[in-house]
Structures are given as C-alpha cells and as structure tokens.
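With the UniProt record's numbering applied, the sequence shown has no gaps in its numbers, which climb one by one up to 465 at the end. Ideal placement from N, C-alpha and C gives every residue a C-beta, glycine not left out. The structure under discussion appears below in the form of structure tokens.
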Amino acid sequence: MGETAEHDYSTGAAGVVPMDQRRSQYHFVALWVTLAAGFTYLFLGFQYHDAGYSLLEAVGAGAIGAVAYFLYALPAAYLGSTTGQTHALLTRSVFGRIGSALATLLLVGVAAGWTAFAFNLLATLFDGLYGWGHITLVSVLLAVLGIANNLFGFKGIAGFARWVAAPLMIIWVLFLVVKGLTTTPGQALAARPAGTVELPFLAGIGVAVGSVMWGNEPDTWRYGKPKLFWPVPAFAVAFAVGLVLFVAGGWMMAELSGQGQYDFGPAYRYVVQYSLFGALWLGAVVAVVLLVSINDGNYYEMINGGQNVLGQLPGWRRWHTCLLMAVIAAVFTWLFPSVEDGFFKVASWSSIALPSITVVMCVDRFLLPRLTGLTRPVDQVPSWREAATANWPGLVSVALAVGFGAWGLGLLPWQDSAPAAGLVPVETWLLAGLLYAALAAAVAKRPLATTVLGFGRRLRHHGDV
1 MGETAEHDYS TGAAGVVPMD QRRSQYHFVA LWVTLAAGFT YLFLGFQYHD
51 AGYSLLEAVG AGAIGAVAYF LYALPAAYLG STTGQTHALL TRSVFGRIGS
101 ALATLLLVGV AAGWTAFAFN LLATLFDGLY GWGHITLVSV LLAVLGIANN
151 LFGFKGIAGF ARWVAAPLMI IWVLFLVVKG LTTTPGQALA ARPAGTVELP
201 FLAGIGVAVG SVMWGNEPDT WRYGKPKLFW PVPAFAVAFA VGLVLFVAGG
251 WMMAELSGQG QYDFGPAYRY VVQYSLFGAL WLGAVVAVVL LVSINDGNYY
301 EMINGGQNVL GQLPGWRRWH TCLLMAVIAA VFTWLFPSVE DGFFKVASWS
351 SIALPSITVV MCVDRFLLPR LTGLTRPVDQ VPSWREAATA NWPGLVSVAL
401 AVGFGAWGLG LLPWQDSAPA AGLVPVETWL LAGLLYAALA AAVAKRPLAT
451 TVLGFGRRLR HHGDV
C-alpha cells in the first residue's frame with residue numbers, strides 16, 4: 001500500500017494496472033473476508049429483527065441478497081480485471097466527460113454516505129460501551145482520523161484487521177450465534193419477534209443488496225486475473241461470513257439483549273458481556289480496527305473518484321485528494337444523524353446508482369461489439385481532451401433506470417412510502433442494461449453514431465487489431 005500511496009494507477013497518466021502487478025486469489029479471499037466481517041452486516045441483522053423478521057427470514061433475506069449481488073458483481077469484477085482501470089477512469093472512456101464527471105459525483109457521494117454511517121455507528125458503539133455521549137462530535141473526529149490509512153499508506157491497521165481482528169470477530173460472532181441457538185427456545189427462533197413487520201421481504205432483500213454493494217467493483221478487481229469465474233471463491237466465502245453468519249449474529253444481538261431500534265450500542269455492550277466474557281476493551285479494539293479498516297474501502301472509492309477529475313492538475317498529488325475527501329466525509333458524517341432512516345437511504349441509493357453505471361459499462365464492453373460491430377478502445381485512459389463529450393444513450397439509460405429505482409425504493413422527496421415494485425435493485429440494473437443495449441443498437445445504424453455513443457478520438461471496429 002505504501003508504494004501505491006502516490007498514484008495507485010488512478011490517474012489518466014498511470015491508469016492501467018499492468019499484469020505483473022496483479023494479486024493472488026488468496027489476497028482477494030483475505031480482503032473480501034475482512035470486508036465481510038463488518039458491523040454493517042451485524043447492524044443489518046439487528047434491523048431485520050427490529051422489522052419483525054424471524055431468524056430464518058433474516059438469514060434468507062441476506063442469502064438471497066448475496067445471490068442477487070453476485071449476478072451483478074461477477075461481470076463487474078471481470079470488467080475491472082480485463083481493463084485494469086478504476087471505475088471512475090472507465091467512465092471517462094465509456095460515458096465521456098459529462099458522464100464521467102456525474103459518475104464521479106455519485107461515486108464520492110455514495111461512499112461518503114457509507115463513511116458517515118460507519119463512523120456514526122462506531123461512535124454509537126463507544127457510547128454503548130462507555131457512555132461517552134457526544135456521538136456526532138466523536139463520529140466526525142473519527143471520520144477525519146479514518147483517512148490516515150489511505151493518506152500515509154499504513155499497512156499495520158489493514159494487516160492487523162486482516163490477520164487478527166477479522167478472524168477474531170468471525171470466531172466471536174460464530175460463538176454468539178451458537179450460544180444463542182443453544183440457549184434460546186426453538187419456537188422463539190422460528191417465530192417473528194413482537195411488533196409489526198414494517199419491511200416487506202423483497203424490500204429486505206434489497207437492503208441486503210445495498211449493504212454489500214460497492215458499485216465500483218472494478219477498483220478492486222483491476223488487480224485480479226482477467227478470468228470471468230476467477231473471483232468466485234472470494235465472493236462465496238465473503239457472502240457466507242457477512243450475509244449469513246453476521247446477519248444471524250446481528251439478529252441474535254437484538255433477540256438476546258431485548259434492545260429495539262436505535263439501541264445498537266447498548267445491545268453491543270450486552271453481547272460483549274454475554275459472549276466476550278465482559279472484555280469491553282477488546283470489544284472496543286475490534287470495533288475500531290474493523291470499522292477503520294473496512295472504511296479504507298469507502299475512502300479508496302472516494303479518492304479514486306477524485307483522482308479521475310483532479311489527478312491531472314499540475315502539481316496535484318494523491319494526498320491532496322485524500323485531504324479533500326476527509327473534509328467531505330466529515331461534512332457527511334456531521335449531517336448523517338439528521339437524515340431520517342439514514343442506513344436504509346444509503347443502502348437504497350447504493351443498490352441502484354453506481355451499479356446502473358457499471359451495468360451500462362459491462363454492456364458497452366461485452367455486448368456492444370456483438371450488437372453494433374463497434375469496439376470502444378479501453379486499452380488506455382483518454383485524457384479529458386481526448387474523451388468525447390458524452391455517451392448520450394448511456395446517460396439516458398442510467399438516468400431512466402435510477403429514476404425508476406428511486407421511485408421503486410421510495411427515495412423521491414414527495415413519496416411517503418415505497419410502492420410494491422418487486423426486487424427493485426435487480427430490476428433497475430436490468431432496465432439500465434436493456435435500455436442501453438436497445439438505444440445503442442438503434443443509434444449505431446444512423447449517421448454520427450460514434451459521436452452520439454461517445455467514442456473518443458480513437459475508434460476501431462470489432463475484429464480489428
């Protein structure tokens with residue numbers, strides 16, 4: 001990490017990861033297990049309990065969400081490994097200057113939302129363990145300090161999380177679930193908790209998808225081997241840990257502690273005393289290390305997006321982008337407590353916004369040559385001057401799909417509730433991909449097709465060398 005703190009192949013001048021820099025499969029398994037052994041999935045299980053889900057329903061929603069995400073993530077990872085580029089840099093080639101700028105704003109905004117949630121959650125855990133209070137102030141300070149790993153290229157925190165904190169957390173949650181299963185009556189596990197179910201099951205699956213969704217999968221998998229099914233082991237292990245075991249652990253936290261919504265901090269203190277032998281200090285250490293380490297991914301997403309726009313400025317360095325993103329994260333963290341149902345809103349936007357962009361790029365990369373005979377060159381990152389103005393069919397497809405997704409998830413300002421629209425995230429991705437395929441195929445038959453489709457100055461036909 002230290003050797004890539006300056007650029008990390010995230011600017012137009014150094015934007016393609018060479019094959020000799022690709023990582024082993026073991027690296028990705030360890031990375032994704034660390035990302036999965038997080039408090040987001042405990043919180044998700046906790047919220048399922050609060051919504052009235054039984055343990056079986058909670059685990060089922062998480063598992064189905066994992067399958068839905070996998071169907072999206074596999075081609076998204078392949079997009080990154082075959083191009084070697086970040087999500088943001090790819091948007092410059094596929095969507096043009098306007099589309100890339102808009103995608104960067106979404107990239108930074110969604111990642112900043114998750115950062116705000118995570119550090120508010122960490123401050124809540126501290127309050128639950130030690131009664132600190134001042135949750136907003138503590139969360140903002142933690143958000144500012146959280147950038148340090150990306151800013152200085154530290155390996156220690158990430159290494160400790162990967163080899164110590166994450167395995168310890170997995171063992172602990174497994175022990176919590178097993179102990180809960182052996183001490184809780186079977187009928188209580190199978191029955192729904194007291195209260196009204198406020199989250200329909202399909203909507204619950206959608207929240208699981210949003211919780212596991214990054215949207216910028218090429219950022220990580222550009223370091224992988226360019227084989228379609230190569231990421232399967234890492235995904236499989238991560239889903240089993242995060243969306244099955246940890247969801248069950250979060251549900252068990254709520255069931256055993258008797259805590260309701262917004263009482264995650266006291267519930268965490270209870271389970272530390274219940275299954276970690278009362279070692280509050282150890283519970284605090286594990287929480288800090290895992291949340292800070294996992295949020296390296298959110299900061300990494302923000303920084304790569306910022307580098308796409310700012311990295312080519314004279315005298316601009318990656319650490320300048322790090323500092324800017326720390327300020328943005330601090331502002332989002334300060335505002336987060338005032339957002340009603342903040343976790344659900346962040347998860348909902350995460351499940352539709354960036355994935356729709358990625359799906360369009362996958363269609364453009366893997367399907368467009370077969371539909372139109374045109375292959376967009378992505379072997380190099382075009383400069384902002386070389387990039388086209390915009391890929392209009394791509395922008396229209398993303399706008400319509402995200403608009404549908406926002407309506408289906410009840411995110412529009414004038415909506416009081418979400419309609420019963422099915423599994424909205426998956427429908428949104430399909431709509432984005434199908435719209436783009438149809439529009440691109442129609443446009444390709446007309447004059448100025450390459451201009452409308454946002455091809456830059458370099459163009460080659462399918463089959464050309």
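Which listed residue (the options) has its alpha carbon closest to that of residue i
{"i": "Asp263", "options": "Val443, Ser293, Leu121, Leu102", "result": "Leu121"}
{"i": "Phe175", "options": "Gly405, Ser24, Val272", "result": "Val272"}
{"i": "Arg385", "options": "Leu125, Ser93, Ala58, Leu129", "result": "Ser93"}
{"i": "Gly99", "options": "Ser397, Ala444, Thr428", "result": "Ser397"}
{"i": "Thr372", "options": "Asp379, Val378, Asp364", "result": "Asp364"}
{"i": "Leu435", "options": "Thr333, Thr451, Gly394", "result": "Gly394"}
{"i": "Trp392", "options": "His320, Gln312, Trp316, Leu102", "result": "Leu102"}
{"i": "Leu310", "options": "Ser383, Gly265, Phe332", "result": "Ser383"}
{"i": "Phe39", "options": "Gln21, Tyr26, Ser211", "result": "Ser211"}
{"i": "Leu142", "options": "Gly433, Phe126, Phe344", "result": "Phe126"}
{"i": "Ala254", "options": "Val241, Arg317, Tyr270", "result": "Tyr270"}
{"i": "Phe201", "options": "Leu55, Leu430, Arg22", "result": "Leu55"}
{"i": "Ile328", "options": "Gln25, Arg22, Ala111", "result": "Ala111"}
{"i": "Thr358", "options": "Phe344, Tyr72, Ala387", "result": "Tyr72"}
{"i": "Tyr9", "options": "Ala444, Gln307, Phe404", "result": "Gln307"}
Burial state of residue i (16 or more Cβ within 10 Å)
{"i": "Ile171", "result": "exposed"}
{"i": "Glu217", "result": "buried"}
{"i": "Trp281", "result": "exposed"}
{"i": "Tyr130", "result": "exposed"}
{"i": "Met169", "result": "buried"}
{"i": "Ala279", "result": "exposed"}
Distance cut-off 7 angstroms: residue i Cβ against heavy atoms of the ligand SAM
{"i": "Leu280", "result": "Questions concerning the ligand SAM fall outside what the structure shown contains, since it holds no ligand whatsoever."}
Where residue i falls: helix, strand or coil (DSSP)
{"i": "Leu374", "result": "strand"}
{"i": "Ala37", "result": "coil"}
{"i": "Asn120", "result": "helix"}
{"i": "Val16", "result": "coil"}
{"i": "Thr450", "result": "helix"}
{"i": "Thr86", "result": "coil"}
{"i": "Val381", "result": "coil"}
{"i": "Asp364", "result": "helix"}
{"i": "Phe201", "result": "helix"}
{"i": "Ser293", "result": "helix"}
{"i": "Ile147", "result": "coil"}
{"i": "Arg269", "result": "helix"}
{"i": "Phe246", "result": "helix"}
{"i": "Glu301", "result": "helix"}
{"i": "residue 528", "result": "The chain is shown from 1 up to 465; residue 528 falls before or after that span and cannot be answered."}
{"i": "Leu276", "result": "coil"}
{"i": "Ala444", "result": "coil"}
{"i": "Gln47", "result": "helix"}
{"i": "His134", "result": "coil"}
Exercise for the section: Mind the definition here: the stretch 77-89 touches the stretch 217-225 only if three or more C-beta pairs lie below 8 angstroms; say whether that holds. Expected result: yes
Practice task
Any chance you could list the alpha helix (DSSP H) runs of at least 4 consecutive residues sitting entirely within the stretch 51-108, in chain order?
Solution key: DSSP runs (the alpha helix (DSSP H)) wholly in the stretch 51-108: 55-83.
Handout entry: Ordered list of alpha helix (DSSP H) runs contained in the stretch 318-346, each at least 4 residues
Key = Here the runs fully enclosed are 318-335.
Problem - Any alpha helix (DSSP H) of 4 or more consecutive residues that is wholly inside the stretch 375-437 - result: Under the rule that a run must span 4 or more residues, the alpha helix (DSSP H) segments found entirely inside the stretch 375-437 read 392-408.
Exercise for the section: Give a yes or no on contact between the stretch 25-45 and the stretch 231-242, applying the rule of three or more CB pairs nearer than 8 angstroms. Expected result: yes
Practice task
Could you say if the stretch 68-82 and the stretch 278-298 meet the contact criterion of at least three C-beta pairs nearer than 8 angstroms?
Solution key: no
Handout entry: Segment contact, 8 angstroms Cβ cut-off, at least three pairs: the stretch 240-255 with the stretch 36-54
Key = The stretch 240-255 vs the stretch 36-54: in contact.
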